[in-house]
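Once you know that position 101 of the sequence shown is 101 in full-length UniProt numbering, the rest is easy, because the numbers rise by one and skip nothing. Ideal Cβ positions, reconstructed from N, Cα and C, are used throughout, including at glycine. Computed from a predicted model, the values in this text were never measured in an experiment.
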Amino acid sequence: MADTKNPFEVSDQMREFADRSIDQARKAFDNFMDATENAVSNMEDASSSMHTDSSDIHRQALAFAEQNVSSAFELAQRMCQAQDLEELMALQQEYLHKQMEQNGAQMREMGEKASKVVQEAAKKAGDR
Numbered sequence: 001m002a003d004t005k006n007p008f009e010v011s012d013q014m015r016e017f018a019d020r021s022i023d024q025a026r027k028a029f030d031n032f033m034d035a036t037e038n039a040v041s042n043m044e045d046a047s048s049s050m051h052t053d054s055s056d057i058h059r060q061a062l063a064f065a066e067q068n069v070s071s072a073f074e075l076a077q078r079m080c081q082a083q084d085l086e087e088l089m090a091l092q093q094e095y096l097h098k099q100m101e102q103n104g105a106q107m108r109e110m111g112e113k114a115s116k117v118v119q120e121a122a123k124k125a126g127d128r
């Protein structure tokens, strides 16, 4: 009976190259996120109280973006180590399931924060 599993035949050099490339991309993204956070922080320093209320939403959005990209890098690294197509597909399915749950939670949290900011802005406008 023939073996139905087709193992990946990826050289160790290719795996190491892919792993290094992912690490370099992650470092570049981390640098980008640091620069973006610094830019947001600088803008916030010169902002009004309304902007201060909404800055939490901006920071949360950046944190979610960083979390999502980090998850993608993690998947890429795990995929580099996959031994066969079956494992590769299982990793992808696990990632998609996790991301759908995570995105739902992120959307709920952002909706709650946005609602709070609008309510506080309306209260401040009513107090004037």
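**OP:** Could you pull out every residue in the same chain whose Cβ sits closer than 8 Å to the Cβ of Ser71, ignoring the five residues on either side in sequence?
**Re:** Tyr95, Lys98, Gln99 and Gln102
**OP:** Answer with buried or exposed for Ser54, where buried requires no fewer than 16 other C-beta atoms within 10 angstroms of its C-beta.
**Re:** buried
Original post:
Leaving out five residues before and five after Leu88 in sequence, what residues of the same chain have Cβ atoms less than 7 Å from its Cβ?
Top reply: Met79 and Ala82
**OP:** Can you check the stretch 20-44 for any alpha helix (DSSP H) of at least 4 residues that lies completely inside it and give the ranges in chain order?
**Re:** none
**OP:** Give the C-beta separation of Met110 and Gln77 to the nearest angstrom, bearing in mind that I take them to be a contact with Cβ-Cβ under 8 Å.
**Re:** Not confirmed; about 28 Å, so no contact.
Original post:
Thinking C-beta only, is Ala28 closer than 8 Å to Phe73?
Top reply: Contact: no.
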